[in-house]
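*Asks:*
Residue numbers (our numbering): 9 to 62.
Here it is in structure tokens:
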């Protein structure tokens, strides 16, 4: 609990922008708009198939 408060105080008093921790930066790679469009189309087709609209 004390470390959470200490981290909050440190980030609140910084003059430059807050840098994200390394474990936030090294996650999965950023996805482009094309990937989002493909996933949206997939879920749209799946919902239409399940509701009988397709």
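Each residue gets a CB set at the ideal place from its N, CA and C atoms; glycine is no exception.
Please report how far the alpha carbon of residue 49 lies from the alpha carbon of residue 10, in whole angstroms.
*Replies:* 46 Å
*Asks:* State the start and end residues of the unbroken alpha helix (DSSP H) segment that holds residue 57.
*Replies:* 41-59
*Asks:* Please report the distance separating the alpha-carbon of residue 52 from that of residue 39.
*Replies:* 19 Å
*Asks:* Would you identify the three-state DSSP class for residue 9, choosing helix, strand or coil?
*Replies:* Residue 9: coil per DSSP, three-state reduction.
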